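Engineer: Have a look at this one.
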């Protein structure tokens, strides 16, 4: 199994980058014993003038062939953390790669959304795409702690 996170834009040094790195490091440590590999981050440049279609082309190159494609979109399914963890565990048990995709400031091109195996929302509010990266990294770590039976996730 492989876990990839493909996102438009590059995080500069700052609080968002520090949080993403912290949560992905925690995920790698916790997930190792659960058969979950570390997350590989792919950052693609936003294309001035190219729009969502150009970004979709760059993101598509970062998505491994055959991987379950999960996109983050405010129109996606609302799921809870245990449901998110269960889906990740199912892909692990199937030995299926998974790639989470976060679009740029304008969102994701409809052609990429149409290919998704799962569209998820972090809520009905629109979040800055750089914060979405932090929130997804935290949910990946939370999923690993749920699967490990850790008290990090409290209901």
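In my numbering, the protein residues as written are 1170 to 1324. Backbone N, C-alpha and C define an ideal beta-carbon position, used for all residues, glycine too. Nothing here was measured: the structure is a model prediction, and the numbers come from that model.
Just checking, does the segment 1194-1201 make contact with the segment 1231-1242 on the three C-beta pairs under 8 Å criterion?
Structural biologist: No, they do not touch.
Engineer: For residue 1250, which residues of its own chain have a beta-carbon under 8 Å away from its beta-carbon, when the five flanking residues on both sides are left out?
Structural biologist: Taking the first residue of the chain shown as position 1, residue 1250 is located at position 81. Result list for residue 1250: 1308, 1311, 1312, 1315 and 1322, in chain order.
Engineer: Tell me the residue span of the alpha helix (DSSP H) that contains residue 1260.
Structural biologist: Numbered from its first residue, the chain shown carries residue 1260 at position 91. Here the alpha helix (DSSP H) through residue 1260 covers 1250-1262.
Engineer: Is residue 1232 helix, strand or coil when you go by DSSP?
Structural biologist: The residue you call residue 1232 lines up with position 63 of the chain shown. If DSSP states are grouped into helix, strand and coil, residue 1232 belongs with coil.
Engineer: Measuring alpha carbon to alpha carbon, tell me which of 1287, 1306 and 1318 ends up nearest residue 1187.
Structural biologist: Residue mapping note: residue 1187 aligns to position 18 of the chain shown, counting from 1. Ranking the options by Cα distance to residue 1187, first place goes to 1306.
Engineer: Taking residue 1237 and residue 1286 to be in contact with their CB atoms under 8 Å, please state how far apart those CB atoms are, rounded to whole angstroms.
Structural biologist: Residue mapping note: residue 1237 aligns to position 68 of the chain shown, counting from 1. Residue mapping note: residue 1286 aligns to position 117 of the chain shown, counting from 1. About 5 Å; that satisfies the 8 Å criterion.
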